[in-house]
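Residue numbers (this note's numbering), protein chains in the order written: chain A, 1 to 513; chain B, 1001 to 1176.
In structure tokens, the structure reads:
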């Protein structure tokens, strides 16, 4: 963008005109020590917990420890220029970040400053990063789905709008891949996405941004970045920043989806800050309030009712509920879900998607462990057709898991058991799905229908995916109306059932795969 | 600094309470000021830091120096400090004691920095205005600093009222 010089001076002139020369009244303190981004300040007797403090050179900090004679604060950003004896001012404000539509399609840091070289963010609205979650009266139960576009998840572990569903697994099990697919699948649904990257490599973040751009999914997404090279304080506040940006959409009666990638690293950052502030360490050296760290964040993901939306928008939006769905990610070490932070977050969330590295390595991707994964509220939100057809899948897989150990004695087994094992093998195969190729409800319904009604039983196990893709392209070209109808209503009527059945029957007779 | 204040507080509170009881705040004020001035002497502070000199020797030296300058209670206080190895706290104790005293008297220490020296009349006016603002008796210390360009900077403890041209320019710079 080229700026006209006169425009600039006009702008400055206007600013000077409107500048009111007020007397500043503030509380001041002196820096006593600076250690690893933690500053001890003498004075500042009026400082509030969580208040933004102004250091010299325009750097800001946050007061975290209020003691009798000193204040412990974290510096948000670089602290190299702060030295002993510097003055610190109270701002009288809790840390705030910009919010609004203008942030969509942008990459920002934990304070809401753009870092994508696309210019300033055109918004005037700000909101504090720490807010209390909506109360019980303001809430509404979860009954609408968020389609993640993954067969295995949407069929067996459905996520509803306003739900908190944990994605948990070891490193390299495809946790982020699920999150990115979920964002891509929200294209055109009106659900705004926020991806919060905490403690990740800048290169992986650049990859995520590029993939979202390639799939045309950046326009409805805000990316909040606190990379591994940024200070622990920024990594610790980044999820709250993202949550505040998501709440903006929730509070005006829209739906939003937020992904925290990942909360383990945030807990590490908070542990670092706490230990440097000399708070007493507890289990695994985490401070005593590490549970509250995550519970207060995840409580803010919720669905609020139309009355609350009307109240929050001052009557501008009527009859619409708002929601913020959260997909926190937790990385486990060696599959150990009984470590401190994983157990905490499992107990806070409304269910978890459990990813396993041995499934991943044996080629089952997404590597969802259907037995350990649950969704505690999503069932009520599932699309009717997927609910109907997905139930069978879950059962098939559960039975298969019990019998899988006997699979190698296939010839000695009775007819019934053998059939169950074969069905299980095919359903397991069918649950595989490529990255960056989310499916619509209708596509999923057709695949699940084929499995449920035994159309796959005659297909060889290693041909199941070929069969599926051939069937999908056939349905896409020959039965557009039926598919559109399913996508529009989500109902499972006898018309639709017979429609799908006859379509698959014709396909089986006339096509090869 | 803040750690020193924490350690000095019990001593300062004890001294202040004793001074209130015996109504001798002024004497204590003098005592503490004298001790603090003694410690600001380089050779004395070297002596205190010297590990070779025992507590009793140190006590004799210090009591000899302060003979006639501080009263009996002051000497006792000095002995306690020597016994507890807390001689380094004296400046902090003095400062805290003065704050408590000022608070008790309902007065407040205010540092005023101006760009140009006050005339007597404006000083009086300014002082009475400050009295209204803070609701307390005002002990005003005035300093001149031409770096302010114009206006005044008032500092009362942590609180700062910046009505200087420099402060306004800084605000403007931030806005732009």
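C-beta atoms are modelled at their ideal positions from N, C-alpha and C, and glycine is treated no differently.
DSSP-derived helix/strand/coil call for residue i
i                      : result
residue 87 (chain A)   : strand
residue 510 (chain A)  : helix
residue 128 (chain A)  : strand
residue 487 (chain A)  : helix
residue 1003 (chain B) : helix
residue 221 (chain A)  : strand
residue 109 (chain A)  : strand
residue 158 (chain A)  : coil
residue 354 (chain A)  : strand
residue 493 (chain A)  : coil
residue 1113 (chain B) : strand
residue 475 (chain A)  : helix
residue 67 (chain A)   : coil
residue 1085 (chain B) : coil
residue 294 (chain A)  : helix
residue 133 (chain A)  : coil
residue 92 (chain A)   : strand
residue 148 (chain A)  : coil
residue 401 (chain A)  : helix
residue 169 (chain A)  : strand
residue 456 (chain A)  : coil
residue 391 (chain A)  : helix
residue 104 (chain A)  : coil
residue 1151 (chain B) : strand
residue 142 (chain A)  : coil
residue 97 (chain A)   : strand
residue 366 (chain A)  : coil
Cβ-heavy atom distance, residue i to the ligand FMN, below 8 angstroms
i                    : result
residue 17 (chain A) : As presented, the structure is devoid of all ligands, the ligand FMN included, so that no description of it is given.
Cβ neighbour criterion (16 or more within 10 Å) applied to residue i
i                      : result
residue 1117 (chain B) : exposed
residue 1053 (chain B) : exposed
residue 1043 (chain B) : exposed
residue 953 (chain B)  : Only positions 1001 to 1176 of chain B appear in this structure, which leaves residue 953 (chain B) out of reach.
residue 55 (chain A)   : buried
residue 512 (chain A)  : exposed
residue 550 (chain A)  : Absent from the model: residue 550 (chain A). The displayed extent of chain A is 1 to 513, so no value can be given.
residue 443 (chain A)  : buried
residue 449 (chain A)  : buried
residue 248 (chain A)  : buried
residue 1077 (chain B) : buried
residue 1083 (chain B) : exposed
residue 1101 (chain B) : buried
residue 71 (chain A)   : buried
residue 10 (chain A)   : exposed
residue 266 (chain A)  : buried
residue 272 (chain A)  : buried
residue 160 (chain A)  : buried
residue 521 (chain A)  : An answer regarding residue 521 (chain A) cannot be provided, because it is not within the stretch 1 to 513 covered by chain A.
Bridge partner(s) assigned by DSSP for residue i
i                      : result
residue 26 (chain A)   : B:1160
residue 60 (chain A)   : A:54 and A:76
residue 1140 (chain B) : B:1110
residue 42 (chain A)   : A:30 and A:70
residue 521 (chain A)  : Past the edges of chain A, shown from 1 to 513, lies residue 521 (chain A), and the structure says nothing about it.
residue 164 (chain A)  : A:326
residue 35 (chain A)   : A:38
residue 375 (chain A)  : A:351
Residue i: contacting residues in chain D (beta-carbon distance under 8 angstroms)
i                      : result
residue 1161 (chain B) : Among the chains of the structure shown, chain D does not appear; the protein chains present are A and B.
* Could you tell me whether the region 240 to 254 of chain A touches the region 317 to 325 of chain A, using the rule of 3 or more Cβ pairs below 8 angstroms? => yes
* Would you check if there are 3 or more beta carbon pairs closer than 8 angstroms linking the region 217 to 235 of chain A to the region 46 to 57 of chain A? => no
* Asked: Okay, do the region 127 to 143 of chain A and the region 374 to 384 of chain A touch, 3+ Cβ pairs below 8 angstroms being the bar?
  -> yes
* To do: Tell me, please, whether the region 1026 to 1033 of chain B touches the region 489 to 504 of chain A by the rule of three or more beta-carbon pairs shorter than 8 angstroms.
  => no
* Is it a yes or a no for the region 390 to 404 of chain A touching the region 112 to 124 of chain A, going by three-plus beta-carbon pairs under 8 angstroms? -> no
* Taking 8 angstroms as the threshold, find out whether the region 152 to 169 of chain A comes into contact with the region 334 to 350 of chain A through three or more Cβ pairs. => yes
* To do: For the region 271 to 284 of chain A and the region 184 to 202 of chain A, state whether three or more C-beta atom pairs, one from each stretch, are separated by less than 8 angstroms.
  => no
* **Three or more C-beta pairs below 8 angstroms linking the region 1083 to 1093 of chain B and the region 1006 to 1014 of chain B** => yes
* To do: Could you tell me whether the region 228 to 246 of chain A touches the region 70 to 89 of chain A, using the rule of 3 or more Cβ pairs below 8 angstroms?
  => yes
* Is the region 121 to 138 of chain A close to the region 88 to 106 of chain A, with three or more CB pairs under 8 angstroms? -> yes
* Inter-stretch contact (C-beta, 8 angstroms, three-pair minimum) for the region 182 to 195 of chain A and the region 350 to 365 of chain A -> no
* **3-residue-minimum beta strand (DSSP E) runs that sit fully inside the region 178 to 211 of chain A, ordered along the chain** => 192 to 198
* Asked: Fully enclosed by the region 231 to 318 of chain A, which alpha helix (DSSP H) runs are 4 residues long or longer?
  -> 232 to 251, 263 to 276, 290 to 298 and 306 to 312
* Asked: Should the region 474 to 492 of chain A be called in touch with the region 450 to 466 of chain A, which here means at least 3 C-beta pairs below 8 angstroms?
  -> no
* Could you name each continuous alpha helix (DSSP H) segment of 4 residues or more that falls completely within the region 407 to 443 of chain A, going from the start of the chain to the end? => 415 to 430
* To do: Write down every uninterrupted run of the alpha helix (DSSP H) in the region 1036 to 1080 of chain B whose length is 4 residues or greater and which is fully enclosed by it, in chain order.
  => 1042 to 1049 and 1055 to 1066
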